[in-house]
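Protein sequences appear in the order of chains A and B. Take 8 as the starting number for the first sequence in this note's numbering and just add one per residue. Take 8 as the starting number for the second sequence in this note's numbering and just add one per residue. For each residue, glycine too, the CB sits at the ideal point set by N, CA and C. The structure appears right after this line, and notes come after that.
Protein chains: 2
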Amino acid sequence: MKGLVGILGGMGPGATVDAMQKLIKNTPVYRDQDHIPMIAVSIPDIPDRTECILDHSASPLEKMIQYMKLLENAGAECIIIPCNTAHYWFNELKLHSRVEMISIIDATCQLIQDKKISSVGLLATTATIKAQIYQGNLEKSGIACYVPTEGEQSAVMDSIYAYKSGDAQTAHRILTPIKNRMLQDGVEKIILGCTELPLILEQEIKTAPESYIDATEALIKKTVAWYFAHPHPNEVAA
Amino acid sequence: MKGLVGILGGMGPGATVDAMQKLIKNTPVYRDQDHIPMIAVSIPDIPDRTECILDHSASPLEKMIQYMKLLENAGAECIIIPCNTAHYWFNELKLHSRVEMISIIDATCQLIQDKKISSVGLLATTATIKAQIYQGNLEKSGIACYVPTEGEQSAVMDSIYAYKSGDAQTAHRILTPIKNRMLQDGVEKIILGCTELPLILEQEIKTAPESYIDATEALIKKTVAWYFAHPHPNEVAA
Chain A
8 MKGLVGILGG
18 MGPGATVDAM
28 QKLIKNTPVY
38 RDQDHIPMIA
48 VSIPDIPDRT
58 ECILDHSASP
68 LEKMIQYMKL
78 LENAGAECII
88 IPCNTAHYWF
98 NELKLHSRVE
108 MISIIDATCQ
118 LIQDKKISSV
128 GLLATTATIK
138 AQIYQGNLEK
148 SGIACYVPTE
158 GEQSAVMDSI
168 YAYKSGDAQT
178 AHRILTPIKN
188 RMLQDGVEKI
198 ILGCTELPLI
208 LEQEIKTAPE
218 SYIDATEALI
228 KKTVAWYFAH
238 PHPNEVAA
Chain B
8 MKGLVGILGG
18 MGPGATVDAM
28 QKLIKNTPVY
38 RDQDHIPMIA
48 VSIPDIPDRT
58 ECILDHSASP
68 LEKMIQYMKL
78 LENAGAECII
88 IPCNTAHYWF
98 NELKLHSRVE
108 MISIIDATCQ
118 LIQDKKISSV
128 GLLATTATIK
138 AQIYQGNLEK
148 SGIACYVPTE
158 GEQSAVMDSI
168 YAYKSGDAQT
178 AHRILTPIKN
188 RMLQDGVEKI
198 ILGCTELPLI
208 LEQEIKTAPE
218 SYIDATEALI
228 KKTVAWYFAH
238 PHPNEVAA
């Protein structure tokens with residue numbers, strides 16, 4: 008199916024819906040039929056990514072491959088994963104995939120380079136930070152990347168898990184002083200490098216968009232560009 | 008795959024995401040893994056439902072069957088369609104399906120009966136109204152159903168198509184006086200019988216939830232009930 012975008016989701020479900028919402032909002036349309044075709048699996052029995060990386064508990068890889076295959080079999084021609092931590096396994100997933108895959112990490116780092124930003128703060132899961140999923144990529148481009156202190160990082164995780172448990176208010180309360188401290192310390196922008204973070208800081212992104220790099224948004228913009236770079240039936244029919 | 012909910016979406020994409028969001032919000036969870044597994048297809052090349060019913064233009068049925076089969080082949084055990092007008096073809100779709108299907112119309116009418124409401128206003132597409140998709144069902148339960156005047160109905164369609172074209176502000180401006188007039192004329196509640204309407208009236212539903220019956224929400228509540236009425240792996244593992 009030409010141009011079908013497959014979304015390997017469920018990590019978590021709220022972030023999956025956020026990615027879909029952003030795909031809709033970033034597509035110029037006049038009617039339903041102009042939208043980018045998508046298929047999303049949000050089967051959340053994928054083992055916790057952070058726990059696996061930090062504690063060597065059950066790996067999410069097998070389930071991710073299974074649901075990626077489900078998307079491919081349904082006709083997806085490009086697969087995206089709205090979960091930063093899951094990109095620890097991105098290269099391995101890519102080996103198993105027969106279609107295009109767009110990395111949220113590459114999309115975000117590319118955007119930061121394009122905007123000529125020289126210093127960023129990184130908010131992400133402890134696993135994303137400890138596994139250096141972002142830092143290596145940024146530092147080789149000469150971009151300074153500051154991470155929270157150990158105490159702050161533990162609070163970031165509490166915030167993310169609070170959001171995943173349905174408690175958005177607690178998540179917001181815990182996260183606010185940490186992003187404030189980072190901005191006060193003078194980073195140019197904060198990477199929201201976990202797909203729950205743009206949901207927790209939704210209001211802040213609306214009022215001060217210049218302070219944040221939303222990784223989900225970066226992934227989606229690259230996905231929209233991929234779609235329009237390829238001929239597809241909607242384009243021909245228009 | 009036990010308990011996998013299939014969402015036959017794209018009519019429109021915004022309404023698909025709204026249904027997913029409501030499925031997430033209506034599920035009690037502590038962590039990602041507690042969520043109801045779902046797969047959504049939002050391939051919006053399905054011909055316009057209203058145009059087909061009113062003007063006998065291209066039928067959406069063939070594409071709907073195709074995408075329904077895609078959901079079934081991916082393992083969906085229950086299929087829902089977050090589009091009221093599409094339910095004109097519900098019985099036909101059901102004939103082609105090998106899994107459970109929950110009707111948004113039945114779910115909404117059941118909710119109205121359960122709440123012992125005796126009069127409703129119906130906001131929906133012109134096709135849903137002309138094809139009497141709601142009225143027959145309500146009237147046989149003795150529930151009075153009032154529809155907009157012809158002039159108002161034409162404005163309701165303008166509002167829905169404005170929203171689908173990405174212009175939420177115009178959609179809201181056009182719809183507001185119509186729902187005000189209906190409420191002033193004394194209907195107990197207004198059925199939001201097109202899945203774009205809860206998006207257009209999002210603020211009103213928050214401030215005066217007692218005035219509306221959100222058909223999408225009714226569908227989702229019945230879907231959540233279906234899920235928890237069936238044994239599935241998450242339940243066993245908890």
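Report task. Between the Cα of A/Gln-176 and those of A/Met-108, A/Lys-101 and A/Glu-209, spot the shortest distance and give me the residue it belongs to. Result -> A/Glu-209
Requested in this report: Using 10 angstroms around the beta-carbon of A/Glu-69, count the other beta-carbons present and answer buried if the total reaches 16, otherwise exposed.
Outcome: exposed
Report task. Could you have a look at B/Tyr-141 and say whether DSSP puts it in helix, strand or coil? Result -> coil
Query - Beta-carbon proximity check, A/Gly-19 vs A/Thr-202, cutoff 9 Å - result: Taking a C-beta distance under 9 Å as the contact criterion, A/Gly-19 and A/Thr-202 qualify as a contact pair.
Report task. Determine the chain A residues that contact B/Ile-46 at a beta-carbon separation under 8 Å, and present them in chain order. Result -> Ile-46, Ala-47, Val-48, Ser-49, Ile-50 and Leu-77
Query raised in the report: In chain A, which residues lie with their C-beta within 8 Å of the C-beta of B/Ile-31?
Result: Simply Pro-20, Gly-21 and Val-24.
Query raised in the report: What residues match up with B/Cys-85 in a beta bridge as DSSP calls it?
Result: B/Val-12 and B/Glu-107
Requested in this report: With a cut-off of 8 Å on the beta carbons, I'd call A/Leu-190 and A/Ser-218 a contact; round off their distance for me.
Outcome: Right, their Cβ atoms sit about 6 Å apart.
Query - Identity of the residues DSSP links to B/Ser-126 by a beta bridge - result: Under DSSP, B/Ser-126 forms a beta bridge with B/Ala-151.
Query raised in the report: Taking Cβ-Cβ distances shorter than 9 Å, what residues in chain B pair up with A/Ser-249?
Result: Given a span of 8 to 245 for chain A in the structure shown, any question on residue 249 of chain A remains unanswerable.
Query raised in the report: On the premise that B/Lys-9 lies in contact with B/Glu-84, defined as a C-beta separation below 8 Å, what is that separation, rounded to the nearest angstrom?
Result: 7 Å
Query - Rounded C-alpha distance that separates B/Ala-236 from B/Leu-15 - result: 22 Å
Query raised in the report: How long is the line joining the alpha carbons of B/Ile-119 and B/Asp-113, rounded to whole angstroms?
Result: Using only the alpha carbons, I get a separation of about 10 Å.
Query raised in the report: Just how far apart, CA to CA, sit B/Ser-126 and B/Asp-165?
Result: 25 Å
Query raised in the report: Any idea which residues DSSP pairs B/Lys-196 with across the strands?
Result: B/Val-127
Query raised in the report: Taking C-beta to C-beta, are B/Ile-212 and B/Asp-221 nearer than 9 Å?
Result: B/Ile-212 places its beta carbon less than 9 Å from that of B/Asp-221.
Query raised in the report: Can B/Lys-171 be considered in contact with the ligand GTP, in the sense that its beta carbon sits closer than 8 Å to one or more heavy atoms?
Result: Among the components modelled here there is no ligand, and therefore nothing to report on the ligand GTP.
Requested in this report: Have a look at B/Arg-180, B/Thr-57, B/Glu-146 and B/Gly-158 and flag the residue whose alpha-carbon is nearest the alpha-carbon of B/Thr-133.
Outcome: B/Thr-57
Requested in this report: Can you give me the Cβ contacts of B/Glu-157 inside the same chain, cut-off strictly under 8 Å, excluding the 5 residues immediately before and after it?
Outcome: none
Query raised in the report: Hey, is the region 137-153 of chain A in contact with the region 165-174 of chain A, meaning 3+ C-beta pairs nearer than 8 Å?
Result: In short, these stretches do not touch, since the Cβ pair count stays below three.
Requested in this report: At 8 Å on the CB atoms, spell out the chain B contacts of A/Gln-139, in chain order.
Outcome: Within chain B, no residue comes near A/Gln-139; the closest Cβ sits about 24 Å away, beyond 8 Å.
**Report entry** Within-9 Å CB hit, B/Lys-228 to chain A
**Finding:** no
Query raised in the report: Could you give the C-beta distance for A/Leu-109 and A/Leu-226, rounded to a whole number, given that I count them as a contact under 8 Å?
Result: Reading the sequence as shown, one finds Ile at residue 109 of chain A and not Leu. About 6 Å; that satisfies the 8 Å criterion.
Query - Cβ neighbour criterion (16 or more within 10 Å) applied to B/Ala-232 - result: exposed
**Report entry** Per DSSP, the bridge partner or partners of B/Ile-4
**Finding:** Only positions 8 to 245 of chain B appear in this structure, which leaves residue 4 of chain B out of reach.
Requested in this report: Count the other C-beta atoms from every protein chain shown that fall within 10 angstroms of the C-beta of B/Gly-21, then say buried if there are 16 or more, exposed otherwise.
Outcome: buried
Requested in this report: Less than 8 Å between the CB atoms is what I'm expecting for A/Leu-77 and A/Val-48, so what's the real figure, rounded?
Outcome: 6 Å
Requested in this report: Tell whether a beta-carbon distance below 9 Å holds between B/Met-71 and B/Ile-60.
Outcome: With contacts defined as CB atoms closer than 9 Å, B/Met-71 and B/Ile-60 fail to qualify as a contacting pair.
**Report entry** Contacts of A/Arg-248 in chain B (Cβ-Cβ under 9 Å)
**Finding:** Residue 248 of chain A falls outside the range modelled here, since chain A spans only 8 to 245, and no answer is possible.
Query raised in the report: Rounded to the nearest angstrom, how far is the Cβ of B/Thr-268 from that of B/Asp-25, given a contact under 8 Å?
Result: Only positions 8 to 245 of chain B appear in this structure, which leaves residue 268 of chain B out of reach.
Requested in this report: Confirm, please, whether the CB-CB distance from B/Cys-90 to B/Ile-111 is below 9 Å.
Outcome: yes
Query - Within 9 Å, strictly: CB atoms of A/Gly-128 and A/Ile-50 - result: no
Query raised in the report: Looking at the unbroken alpha helix (DSSP H) that takes in A/Met-75, where does it start and where does it end?
Result: 68-80
**Report entry** Straight-line Cα distance separating B/Pro-67 from B/Arg-188
**Finding:** 33 Å
Query - Straight-line gap, A/Asn-33 to A/Tyr-141 (C-alpha atoms, nearest Å) - result: 24 Å
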